[in-house]
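**Q** Below is a structure I'd like to ask you about.
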Amino acid sequence: MLKINTVSTAYGSIPVLKDVSIHVPRGSITCLLGSNGAGKTTMIKTILGLVPALTGEIIFNGKKINGLSTEDIVKSGIAVVPEGRRVFPKMTVWENLQIGACNIKDKGKIQNSLDKVFTLFPRLGERRSQNAGTMSGGEQQMLAMGRALMSQPQIMLMDEPSLGLAPLMVNEIFRTIDEISKEGTTVLLIEQNGFKAIQMSHYAYLLQKGRIILESTDSDPASKEKIKEVYLKHGTGGNSSEPNE
Amino acid sequence: MTGELIIQQLLNALSLGVMYSLMAVGFTLFFGVIEVINFAHGEVFMLGAFGALAASGILISAGLPLGSIGLFIVVLLSVMIIGGLIGAIMERTIIKPMRSSPEIMTLLITLGASIVMREAVMLFFPNGRNPQPFPQIIVMKSFFIGGVLIKPDIVLTVVLAALLITGLYVLIQKTAFGRYIRATAQDREAAKMMGIRVDRIFLITFILGSALGAVAGLMNGMSYGIVKFTMGFIVGIKGFAAAVVGGLGNVYGAVAGGLLLGFLETMAVVFIPDGSRFQESISFIIVILFLVFRPGGIFGERTYEKV
Numbered sequence: 033m034l035k036i037n038t039v040s041t042a043y044g045s046i047p048v049l050k051d052v053s054i055h056v057p058r059g060s061i062t063c064l065l066g067s068n069g070a071g072k073t074t075m076i077k078t079i080l081g082l083v084p085a086l087t088g089e090i091i092f093n094g095k096k097i098n099g100l101s102t103e104d105i106v107k108s109g110i111a112v113v114p115e116g117r118r119v120f121p122k123m124t125v126w127e128n129l130q131i132g133a134c135n136i137k138d139k140g141k142i143q144n145s146l147d148k149v150f151t152l153f154p155r156l157g158e159r160r161s162q163n164a165g166t167m168s169g170g171e172q173q174m175l176a177m178g179r180a181l182m183s184q185p186q187i188m189l190m191d192e193p194s195l196g197l198a199p200l201m202v203n204e205i206f207r208t209i210d211e212i213s214k215e216g217t218t219v220l221l222i223e224q225n226g227f228k229a230i231q232m233s234h235y236a237y238l239l240q241k242g243r244i245i246l247e248s249t250d251s252d253p254a255s256k257e258k259i260k261e262v263y264l265k266h267g268t269g270g271n272s273s274e275p276n277e
Numbered sequence: 017m018t019g020e021l022i023i024q025q026l027l028n029a030l031s032l033g034v035m036y037s038l039m040a041v042g043f044t045l046f047f048g049v050i051e052v053i054n055f056a057h058g059e060v061f062m063l064g065a066f067g068a069l070a071a072s073g074i075l076i077s078a079g080l081p082l083g084s085i086g087l088f089i090v091v092l093l094s095v096m097i098i099g100g101l102i103g104a105i106m107e108r109t110i111i112k113p114m115r116s117s118p119e120i121m122t123l124l125i126t127l128g129a130s131i132v133m134r135e136a137v138m139l140f141f142p143n144g145r146n147p148q149p150f151p152q153i154i155v156m157k158s159f160f161i162g163g164v165l166i167k168p169d170i171v172l173t174v175v176l177a178a179l180l181i182t183g184l185y186v187l188i189q190k191t192a193f194g195r196y197i198r199a200t201a202q203d204r205e206a207a208k209m210m211g212i213r214v215d216r217i218f219l220i221t222f223i224l225g226s227a228l229g230a231v232a233g234l235m236n237g238m239s240y241g242i243v244k245f246t247m248g249f250i251v252g253i254k255g256f257a258a259a260v261v262g263g264l265g266n267v268y269g270a271v272a273g274g275l276l277l278g279f280l281e282t283m284a285v286v287f288i289p290d291g292s293r294f295q296e297s298i299s300f301i302i303v304i305l306f307l308v309f310r311p312g313g314i315f316g317e318r319t320y321e322k323v
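Keeping their order, the protein sequence lines are chains A and B.
If you're matching positions, the first sequence starts at 33 in this note's numbering and goes up one per residue.
If you're matching positions, the second sequence starts at 17 in this note's numbering and goes up one per residue.
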C-alpha cells in the first residue's frame, strides 16, 4: 500500500535519511524502530511532504505522492499521529476531532467517525468540551489518535505514541492500535520502545543513522526475532545525525 | 462638567475606540495566524476611506441619492471588497513570498508597501495631494435621549463595528473555518498534517483583516468629513498599539485595547487642560507602560495567546 523506495533527505547539507526503502503492506502493522536521532520522525515528515525527498520515490496506492503538497497527501488517505501528540491545546476535544475530519464534507460520515472514536475512547466522549491542553498526556495521545481516525484514513502513521506515558497507558495505547488495525486500517508504527512494537507488528524495520540496517521478511519468520535481538541488545540505534527540533 | 457632556464624550470615546478596535483586530489576526506584523495595514485603512470616496462619487453620479441608506450599504460593501482585494493582493505578492525569510524582511517589505500605497494615492488620485471633503453618505437626524444630544453617525459607527466584531467572533468560534484558523494559529505544522490548507487560511485571514481595516477607514471619513492620503500612518500605528495593549494575537484583547485607547485619548482631551495637544502621544505612553509593566496585554497572558 505504501512503498518508500530509496528515499534520501537532508536538513540543509546534513544528510538524515540515506536510501531508505520501506514497504507497508495493506492491512499490516509495520513498525520502524530506531533510537533518538536515527531519522524516524524525518521519515514521517518525508512521507507527508513536510521534508522533501531528495532521491527516490514514495508510492501510495500505486501513485507517486512525493512532490504533492502535505494537504493533498493527507487527503489521499494518510493520517498521522504526530510525535508529541500536537493536539490543539486551546480547542476542545470535540473541536480537535472536527479538525481531523476537515477533508470530509458529509456531516453524516463525520458523525459516524465521531461515534466510532467515542466508542474506542470513551474518555474522549466524557471530555468532549474540555480544552485539549488541560488533559493528561495519555488522554492527549488518545485524542491525537482519535483525531487521525476522524479522517477515515487508509493508513495511519504513528510517531512514538508511547512516548512519555505511564506503563498502564502504554498498554492501553498499544491495545488500541491493535484494534484499529483489526478494523482494517493499515498502520506504520514508529517506535523507540521496541519490544512491544515488534511483538504486535507484522513487519519490522530497524533504522540506524538514517539507514535501514535490518528488515524482517515474509520468508524468514525468524527475521523479526533477529531485529528484536539486535535492537534490544545494542539498545541504541543511531546518533544525533538528526538535528534537534 | 455636566452629566450630558460626559455621556457625549463617552459616546465619542466609544466611536473612536471601535475604530481602533477594528484596526487592532487586523494586526492581531495577522500576527496570531500568519506571524507577520503588517505595517501597511494603516494604508489599507486610508485606501478604505479613499475607496469609499471614489465609490460614493461613482454611485452618486450613477443616480443613487446622497444620504440614503441604500447608498451607505453599497458603499460599505464596496469598501469591504476593496479592502479584501488589497489584502489578497498584498498577501500573494509580498507576504507569501517572504514566508521563509526572517521576520525583519516582512517588516521592511510591508513598510515599503505602505509608502508606495500612500504615494500612489497622492500622485494618482484626482487632487490626491490635498485633503478631500468626504460626502455625507448617510443623513440621519440627531436626537435626544434624556436630554443628551446623540449624533446618529456615532451610533451607526458603534453599531456597525459591534456587528462586524460579533460576526468575526461567530466566524472564529463557531464555524469550521474558524476552527481551521485557530488550529493554524496554535500549531501551523500540525494543522498542515491534519490536511488544513494553511495557504488558503493565510489568504482568507489577510482578506478578513484588511476588509475590517478598510471599514475603519470608511468610519473615519464619515465621522470627520475629510480624508487625506496621510491619514493611515498614525491610525495604523495606533491600531498596532491597541493590538499590543490587548496582547498581540488575542482578538478579544485587540477589541478591548482599541476601546481602552479610544477612551483614554478622549478623556485626556476633555480633562487635561489643553489636552488635545497630547492626543497623539497618549496611546504611545500607554503602550510603553503596558510593555514595561504588563507585556502580556490586558488579559495578561505572558505567552502570547493566539486567536
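Where is the CB? At the ideal position from N, CA and C, for every residue including glycine.
Keep in mind it's a predicted model, so treat the numbers as computed, not measured.
Which residues in chain A sit within 9 Å of K112 of chain B, going by Cβ to Cβ distance?
**A** Here the premise fails: no neighbours, minimum Cβ distance about 14 Å.
**Q** Does any CB atom of chain A fall closer than 8 Å to the CB of I161 of chain B?
**A** I161 of chain B does not count as touching chain A.
**Q** I'd like to check one pair, A270 of chain B with T44 of chain B: are the Cβ atoms closer than 8 Å?
**A** Yes, these two residues count as a Cβ contact at 8 Å.
**Q** For L139 of chain B and I304 of chain B, what's the separation of their Cα atoms in angstroms?
**A** Going from the Cα of L139 of chain B to the Cα of I304 of chain B covers about 35 Å.
**Q** Would you please verify whether the beta carbon of I371 of chain B is less than 8 Å from any beta carbon of chain A?
**A** Outside the displayed span of chain B (17 to 323) sits residue 371 of chain B, for which this structure offers no information.
**Q** Ignore the nearest five residues each way along the sequence and tell me which others in I102 of chain B's own chain have a CB closer than 7 Å to its CB.
**A** Only V60, L63, S226 meet the Cβ criterion.
**Q** Measuring straight from C-alpha to C-alpha, what distance separates L100 of chain A and V112 of chain A?
**A** Answer to the nearest angstrom: the Cα atoms are 16 Å apart.
**Q** Where does S101 of chain A sit, in a helix, a strand or coil, going by DSSP?
**A** Three-state result, S101 of chain A: coil.
**Q** Measuring alpha carbon to alpha carbon, tell me which of A:N37, A:L34, A:G116, A:P84 ends up nearest L195 of chain A.
**A** Checked all of A:N37, A:L34, A:G116, A:P84; the closest Cα to L195 of chain A is A:G116.
**Q** Compare the C-beta of K208 of chain B with all C-beta atoms of chain A and state if any pair is closer than 8 Å.
**A** Yes - at least one Cβ of chain A is within 8 Å of the one on K208 of chain B.
**Q** Quick check on the burial criterion: 16 or more other C-beta atoms within 10 angstroms. Buried or exposed for T173 of chain B?
**A** Under this definition T173 of chain B is a buried residue.
**Q** Between L146 of chain A and E211 of chain A, is the Cβ-Cβ spacing less than 8 Å?
**A** Contact: no.
**Q** Do you know how far the Cα of G157 of chain A is from the Cα of K327 of chain B?
**A** Any answer about residue 327 of chain B is impossible in this case: the structure gives chain B only from 17 up to 323.
**Q** What residues in the segment 164-198 of chain B have a beta carbon less than 9 Å from any beta carbon of chain A?
**A** Hits within the stretch, in order: A192, R195, Y196, R198.
**Q** Is there a C-beta anywhere in chain B that falls below 8 Å from the one on R160 of chain A?
**A** Output row for R160 of chain A: interface = no.
**Q** So for V155 of chain B, helix, strand or coil by DSSP?
**A** In this structure, V155 of chain B counts as coil in the three-state DSSP scheme.
**Q** Applying the 10 Å Cβ sphere with the 16-neighbour rule, what's the burial state of N143 of chain B?
**A** Exposed, since its Cβ has fewer than 16 Cβ neighbours within 10 Å.
**Q** Please return the same chain residues whose Cβ sits closer than 6 Å to the Cβ of L220 of chain A, not counting the five positions on each side in sequence.
**A** These residues qualify, in order along the chain: V56, T62, L189.
**Q** Classify L27 of chain B as helix, strand or coil using the three-state DSSP reduction.
**A** Looking at L27 of chain B - three-state DSSP - the assignment turns out to be helix.
**Q** Please list the residues of the segment 130-147 of chain A that have a C-beta atom closer than 7 Å to any C-beta atom in chain B, keeping them in chain order.
**A** Going along the segment 130-147 of chain A in chain order, one finds Q130, I131, G132, C134, N135 with a Cβ nearer than 7 Å to chain B.
**Q** Is F61 of chain B close to the ligand MG? I mean its beta-carbon at under 7 Å from any heavy atom of the ligand.
**A** The ligand MG is not part of the structure shown, which contains no ligands of any sort.
**Q** Using DSSP with H/G/I as helix, E/B as strand and the rest coil, what is R243 of chain A?
**A** DSSP places R243 of chain A in strand when its eight states are reduced to three.
**Q** Please confirm whether E107 of chain B has its beta-carbon closer than 8 Å to some beta-carbon of chain A.
**A** Chain A, which has no Cβ nearer than 8 Å to the Cβ of E107 of chain B, makes this no.
**Q** Between the segment 291-307 of chain B and the segment 251-259 of chain B, do three or more beta carbon pairs fall short of 8 Å?
**A** Yes, the segment 291-307 of chain B touches the segment 251-259 of chain B.
**Q** From this set, A:K137, A:L239, A:G226, A:M182, which residue's C-alpha is nearest I54 of chain A's C-alpha?
**A** Measuring from the Cα of I54 of chain A, the nearest candidate turns out to be A:L239.
**Q** Output, in chain order, the set of chain A residues within a Cβ distance shorter than 8 Å of E51 of chain B.
**A** The premise fails here: E51 of chain B is roughly 16 Å from chain A at the closest Cβ pair, so nothing lies under 8 Å.
**Q** If you drop the 5 nearest sequence neighbours on each side, which residues of the same chain put their C-beta closer than 8 Å to that of G170 of chain A?
**A** If we look at G170 of chain A and ignore the five residues flanking it on each side, its Cβ neighbours are L197, A198, M201, E204, I205.
**Q** By DSSP's criteria, S117 of chain B is part of a beta bridge. Which residues make up the other side?
**A** Answer is none; S117 of chain B lacks a bridge partner.
**Q** Say whether chain A places a C-beta atom closer than 8 Å to the C-beta of I314 of chain B.
**A** No, no contact with chain A.
**Q** State the start and end residues of the unbroken beta strand (DSSP E) segment that holds L64 of chain A.
**A** Its beta strand (DSSP E) spans residues 61-65.
**Q** Once you ignore the five residues that flank K228 of chain A on each side, which residues in its own chain have a CB closer than 6 Å to its CB?
**A** F206, listed in sequence order.
**Q** Against chain B, with Cβ distances strictly below 8 Å, would P114 of chain A count as a contact?
**A** Closer than 8 Å: yes.
**Q** Does the beta-carbon distance from L228 of chain B to L38 of chain B come in below 8 Å?
**A** Contact: yes.
**Q** Identify each residue in the segment 90-103 of chain A for which the Cβ-Cβ distance to at least one residue of chain B is less than 7 Å, and report them in chain order.
**A** Per Cβ criterion, the list reads T102, E103.
**Q** Under 8 Å, Cβ to Cβ, is there at least one residue of chain B near R243 of chain A?
**A** It does not; no Cβ of chain B falls within 8 Å.
**Q** Let me know the secondary structure DSSP gives N144 of chain A once reduced to three states.
**A** In the structure shown, N144 of chain A sits in a helix (DSSP, three-state: H, G or I).
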